[in-house]
Amino acid sequence: MDKVKSLEDLKRLREEALEKRRVKTATGEVQVIVGMGTVGIAAGARDTLKAILEYIEAENLTGIVVRQTGNIGMDSFEPIVQVVIGDNPKVTYGKVTPDAARRIMKEHVAGGKIVKEHVIES
Amino acid sequence: MRELALHLLDIAHNSVSAHARNITLSVEEDIQADRLRIMVEDDGKGMDAATVQQVSDPFVTSRVTRSVGLGIPLLKAAAEACDGGMTIQSTPGVGTRIEVDFRRSHIDRMPLGNLADTILSLVVGCPEVHWVFRYRVGEFLFEFDDALIKKELEGIPLTEPGVLAYIRNVLEAGVRDAQRSALTMELPLSGEKNG
C-alpha cells in the first residue's frame, strides 16, 4: 500500500477499506481490548498497545477494532488484553508484554488459535 | 510511572471515564521562564468541590470503591517536588480542567517521555472522543485535531493499517519538530555554561 501523506490520501484509503470490509464481514468483528487504568499504564500497557498497533500496521490486518478500557479489576495481572472474535466468548490474557502481545496478535487474532499460556481464568 | 507522557495518558483516561466528548491536551515548554505545563480540559460530567478535594488527596477520602485511583495525587506530588503544583477546576455538568506545572530544569523533573505514543493510544483507543493535542515549545506550536481525520474517514476505523500509519507519522513528526526547536533554543545556554 502507498504511504498516506495527506488528508486527500485518506479519502482513497477509505474507499479501499470499504471494499475490503465487504469481503471481511462474514467472519465477524475482531476486537482487541487493552486495560489502560493507572495500574495498567504503570505496568506497561501503552507499550503493549503500541506493539498491537505496530503488528496491525506491519501485517496490514484490516477490520480489527482496538479499544481501551479502564481498570479491569485484576491489578496483579496487568497489562491485560482481551480478545473477542465474532460471537466467541471473550478471552482474557494477563501480563501481556509487547512480545506476548505480538504472539497473541499472530496466533489468536490472525490465526484463530488461543495462546493458552497467557490466558487468565476470570 | 517514569514519564510525564504516561501520567498524561492516565489523567486523560479520567476525562474519558467522565464521559467527555471533547478533550484537549496541552503540553507547554516555556524555556525562557523555565516552566513545563501540562493541561487537560474536558467537557465531561465534572466534579463538585468535595470530590475535587478527594481526588487530589486520597488519604483523607472516605471512598470505598476503586473508582478513584492514585494517578492524580502521584502527579501532584511529582509537580510539588519540582517547584510546581497542580490546580483542578471543575464544574458539575460542565467539565474539568487540570493543570500541572513543573520547573522545567528541576533535577527531579521526570522526562516528558513518548508524547506521540500517548496521543496515538488515546486517539485510536477512544475514537468516540474528539481529541485535540497542542504541544508548544517556546514559539513553536504543533497542533493535532483528530476531527479533520475522522471527517475524511467517515466511519472507517482508525485501526485500518494505512490510517494508523498516517496518524503515527503525523504525531511523531510533529513532536520531533517541536523538540528540535527546543534544542536550538537551548544551545546558546549550554554554550555559555561550557565557556
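Residue numbers (the numbering used here), protein chains in the order written: chain A, 197 to 318; chain B, 950 to 1144. Ideal placement from N, C-alpha and C gives every residue a C-beta, glycine not left out.
Cβ-based burial, residue 211(A) [other Cβ within 10 Å; buried from 16]: exposed
Find out if the Cβ-Cβ distance for the pair residue 1110(B), residue 253(A) is shorter than 8 Å. yes
Since residue 253(A) meets chain B, which of its residues come closer than 9 Å, beta carbon to beta carbon? 1110, 1111, 1113, 1114, 1117
Determine whether the Cβ of residue 284(A) lies closer than 8 Å to any Cβ atom of chain B. no
Could you pull out every residue in the same chain whose Cβ sits closer than 6 Å to the Cβ of residue 1156(B), ignoring the five residues on either side in sequence? Outside the modelled stretch of chain B, which goes from 950 to 1144, sits residue 1156(B), for which no answer is possible.
Which of the three DSSP states, helix, strand or coil, is assigned to residue 1063(B)? coil
Hey, how far is the Cα of residue 282(A) from the Cα of residue 227(A)? Each residue's alpha carbon lies about 8 Å from the other.
Using DSSP bridges, identify the partner residues of residue 974(B). Answer is 989(B), 1082(B).
Same chain only: Cβ atoms within 8 Å of residue 242(A), ignoring 5 sequence neighbours per side: 232
Within 8 Å, strictly: CB atoms of residue 1115(B) and residue 206(A): Contact: yes.
Contact set between the region 1038-1057 of chain B and chain A, restricted to residues whose Cβ is under 7 Å from the partner: For the region 1038-1057 of chain B, the beta-carbon criterion of a distance under 7 Å to any beta-carbon of chain A is satisfied by none of its residues.
Compare the C-beta of residue 266(A) with all C-beta atoms of chain B and state if any pair is closer than 8 Å. yes
May I ask you to list, following chain order, the residues of the region 1084-1107 of chain B that have a beta carbon less than 9 Å from some beta carbon of chain A? 1097, 1098, 1100, 1101, 1102, 1103, 1104, 1105, 1106, 1107
Would you tell me roughly how many angstroms separate the C-alpha atoms of residue 285(A) and residue 1034(B), rounded to the nearest one? 46 Å
Just mark residue 1094(B) as buried or exposed, buried being the case when its beta carbon has 16 or more other beta carbons within 10 Å. exposed
Is any beta-carbon of chain B found at less than 8 Å from that of residue 263(A)? yes
How many whole angstroms separate the CB atoms of residue 257(A) and residue 1070(B), which I take to be in contact at a CB cut-off of 8 Å? Rounded, the Cβ-Cβ distance is 18 Å, inconsistent with contact.
Taking all protein chains shown into account, do 16 or more other C-beta atoms lie within 10 angstroms of the C-beta of residue 248(A), making it buried, or fewer, making it exposed? Classification for residue 248(A): buried.
For residue 291(A), which residues in chain B fall below 8 Å Cβ to Cβ? Per Cβ cutoff of 8 Å: no residues; residue 291(A) is ~18 Å from chain B at best.
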